[in-house]
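Before any comments, here is the structure.
Numbering (our numbering), first residue to last: 17 to 175.
Shown next, in the form of structure tokens:
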């Protein structure tokens with residue numbers, strides 16, 4: 017048995033997280049909790065800095081976590097690597113249940129000066145989208161009608 021920190025694992029390879037370096041973890045938590053359905057799952061800190069895992073409370077059976085890490089100056093274990101952001105096309109994608117929900121997020125982002133692509137109807141399979149910048153300049157796409165669920169069900173028969 018290879019387990020060292022948990023007695024529960026995925027049982028097979030799973031897509032589990034996306035990690036981003038942030039300047040201020042508390043500011044980023046506030047932003048993601050305001051703009052998305054993600055909530056704090058776990059906080060951590062050590063000699064290198066502070067981190068948080070954000071996740072969807074309703075997806076506990078197949079968790080996917082957004083990891084945000086704020087490193088202390090002078091002790092960043094990745095300090096020699098260049099800072100990278102997701103953008104302008106590279107992005108975190110969040111599919112919303114309605115077109116109106118995309119419009120609501122876009123209006124909020126526009127009021128706060130972080131809307132980078134106004135709501136736009138794109139060709140299939142992209143759907144209706146807007147792009148919003150998080151506090152560190154990462155692009156978050158909010159979409160409607162991308163067909164992710166129907167495509168998975170049609171192609172793989174998932175329920």
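The C-beta atom is built at its ideal place from N, Cα and C for all residues, glycine as well. Note that the coordinates shown come from a computational prediction; the quantities given were computed from them, not determined experimentally.
Item: Assigned exposure category for residue 85 - 16 Cβ within 10 Å defines buried; Value: buried
Item: Boundaries of the alpha helix (DSSP H) in which residue 86 is found, first to last residue; Value: Segment 81 to 87 is the beta strand (DSSP E) holding residue 86; no alpha helix (DSSP H) there.
Item: At least three beta-carbon pairs within less than 8 Å, the stretch 24 to 42 to the stretch 146 to 164; Value: yes
Item: Boundaries of the beta strand (DSSP E) in which residue 62 is found, first to last residue; Value: 55 to 62
Item: Boundaries of the alpha helix (DSSP H) in which residue 125 is found, first to last residue; Value: 115 to 127
Item: Residue span of the alpha helix (DSSP H) that contains residue 100, given as start and end; Value: Per DSSP, residue 100 belongs to no alpha helix (DSSP H) and is neither H nor E.
Item: Residue 68 - DSSP class collapsed to helix/strand/coil; Value: strand
Item: Three-way DSSP call (helix, strand, coil) for residue 148 in this model; Value: strand
Item: Spatial neighbours of residue 99 in its chain, beta-carbon cut-off 7 Å, leaving aside the 5 residues before and after; Value: 37
Item: DSSP state of residue 17 mapped onto helix, strand, coil; Value: Summary for residue 17: the model assigns pLDDT 48, below 50, so the residue's position carries little reliability; its value from the coordinates is reported in the next sentence. Coil.
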